[in-house]
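Each residue of the sequence shown is one higher than the one before, counting from 80 in the numbering used here.
Heads up, the beta-carbon is just placed ideally off N, CA and C, and yes, glycines get one too.
None of these values were measured; they are calculated from a predicted model.
Below you'll find the structure, written out as structure tokens, and then a few comments.
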Amino acid sequence: MKYLYSLVLVISFLSCSNDNWSTDEKNIFLTGCINEGGSKVYCECYLENVMQYSPIAEDANALDYETKIELSKDCVSK
Numbered sequence: 080m081k082y083l084y085s086l087v088l089v090i091s092f093l094s095c096s097n098d099n100w101s102t103d104e105k106n107i108f109l110t111g112c113i114n115e116g117g118s119k120v121y122c123e124c125y126l127e128n129v130m131q132y133s134p135i136a137e138d139a140n141a142l143d144y145e146t147k148i149e150l151s152k153d154c155v156s157k
């Protein structure tokens, strides 16, 4: 039971961690990514990675080039 409680807490924390991004912020990010040539699937993957790395949308604007590359690596094949 102790492990189940811990698992529920971790899942709850992770599922709420992206709530700091508004729908408008997500849409602006996706639109920009798609306008720069990314596919919808790639851009959605990249957005998820950025939201996990930077729970506050405004902070995502300050990501350096190397960090952006790292966050996009697992999305390239999508």
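Option nearest residue i by Cα separation, candidates the options
| i | options | result |
| --- | --- | --- |
| Ile-107 | Ile-148, Tyr-132, Val-155 and Ala-136 | Ala-136 |
| Ser-101 | Lys-147, Cys-124, Asp-143 and Met-130 | Met-130 |
| Tyr-132 | Cys-154, Gly-111 and Lys-147 | Lys-147 |
| Asp-153 | Tyr-121, Lys-105 and Asn-140 | Tyr-121 |
Nearest-angstrom beta carbon gap, residue j and residue i [assumed within contact, 8 Å]
| i | j | result |
| --- | --- | --- |
| Asn-128 | Leu-150 | 4 Å |
| Glu-123 | Leu-109 | 7 Å |
Residue i (DSSP reduced to helix, strand or coil)
| i | result |
| --- | --- |
| Asp-143 | coil |
| Val-155 | coil |
| Glu-127 | helix |
| Asn-99 | coil |
| Gly-116 | coil |
| Ile-135 | coil |
| Lys-81 | Low per-residue confidence applies at Lys-81: pLDDT is 43, beneath 50, and the placement is therefore not dependable, though the value from the model is reported in the following sentence. Three-state result, Lys-81: helix. |
Per-residue burial, residue i [other beta carbons within 10 Å of its own, 16 or more giving buried]
| i | result |
| --- | --- |
| Tyr-125 | buried |
| Ser-156 | exposed |
Separation of residue j from residue i, as counted between CA atoms
| i | j | result |
| --- | --- | --- |
| Asp-103 | Ser-118 | 19 Å |
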